[in-house]
Amino acid sequence: MAAAIGLERAAAEVTVRKAARALARAGLVGAYGHCSARLSDSELLVCASKAMGTILPTDEGTVAPIVGALPGGVLGEVRVHQFIYRMRPDVGAICRVFPPNVLTMSVLGQAPECRHGLSAFFYPRPVYWDDARLMRTDELAGGVAAALGQAAGIIMRGNGAVVAASNMQQAIALCVYLEDMCRIELAIRASGGKDQAPLLKPDEAQKRADWNGRVEQRMWDHMTFGDLECNSKVAP
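Offset between the sequence shown (1-based) and this note's numbering: plus 7.
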């Protein structure tokens, strides 16, 4: 598995801010949530510790070590970012989100199944973490990161989700796909069609989990269109 390429600081700052605002505009976070980008093997950049939709072009993120104590003012749950980057050299971006359908699905005690095309990136299904506590200790953050393993996302009971990807564009896309998965699963269950609705077959999932064709870039363009920094020259 290829190692993720760290972003330069200026590009990372803009990318993280745009991602934060995009998640807020899409309703995938509210007052709570955070996102980060890998700067190097030893450092990450996390967004400003404020409601993501209120992050301005003047709000700088904070550089934190991948191994070591979090800097003052950084949210305690950023520990899970540290552990994932430490365990997954292929990960270049992480989003901690609270999408409404993901939250509803999470309290049912299980993750959604892979039924539509874009769910293939989570095949056979997202990881489920059966603990509603915030990841503010090394024990809990490390446990979530270990449970995530090589998967793209983990849903936590009553506590949103964490998504990890090779770059921020993919991470944002995966947040959208995960919310779609939960919306579809909840609708199918409400209709009484859970047992009749087909699941993706292994070969279908393998072929559909494909980023070729500017898949993540088109989602990024869609999610960040009209952003305060959409004309920035230092980031996608």
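Glycine residues also receive a C-beta, built at the ideal position from the N, C-alpha and C atoms.
In the structure shown, Glu50 adopts extended strand secondary structure according to DSSP, grouped into three states. Note that the region 229–237 does not touch the region 143–163; fewer than 3 beta-carbon pairs, one per stretch, sit closer than 8 Å. Counting only runs of at least 3 residues, the region 160–227 fully encloses the following beta strand (DSSP E) elements, listed from N- to C-terminal order: 160–163 and 168–172. In the structure shown, Ile73 falls within a coil segment according to DSSP collapsed to helix, strand and coil. Here DSSP, grouped into helix, strand and coil, assigns Arg103 to strand.
Within the same chain, Ala55 come within 6 Å of Asp66 by CB-CB distance, once the 5 residues on both sides are set aside. In this structure, Leu52 places its C-beta atom within 9 Å of the C-beta atom of Arg16. For Met188, same chain residues with a beta-carbon under 6 Å away, outside a window of 5 residues either side, are Pro119 and Ser126 in chain order.
With a cutoff of 9 Å on beta-carbon distance, His41 and Ala27 are scored as near each other. Nearest Cα to Glu211 within the set Leu82, Thr69, Lys57 and Gly124: Gly124. Residue burial is scored here from C-beta neighbours: Pro209 has fewer than 16 other C-beta atoms within 10 angstroms and is therefore classed as exposed. Here Gly116 is exposed, its C-beta having fewer than 16 other C-beta atoms within 10 Å.
Within 10 angstroms of the beta-carbon of Asn174 lie 16 or more other beta-carbons, which makes it buried. With respect to the C-alpha of Gly60, the residue from Arg24, Leu185, Gln177 and Phe232 having the closest C-alpha is Arg24.
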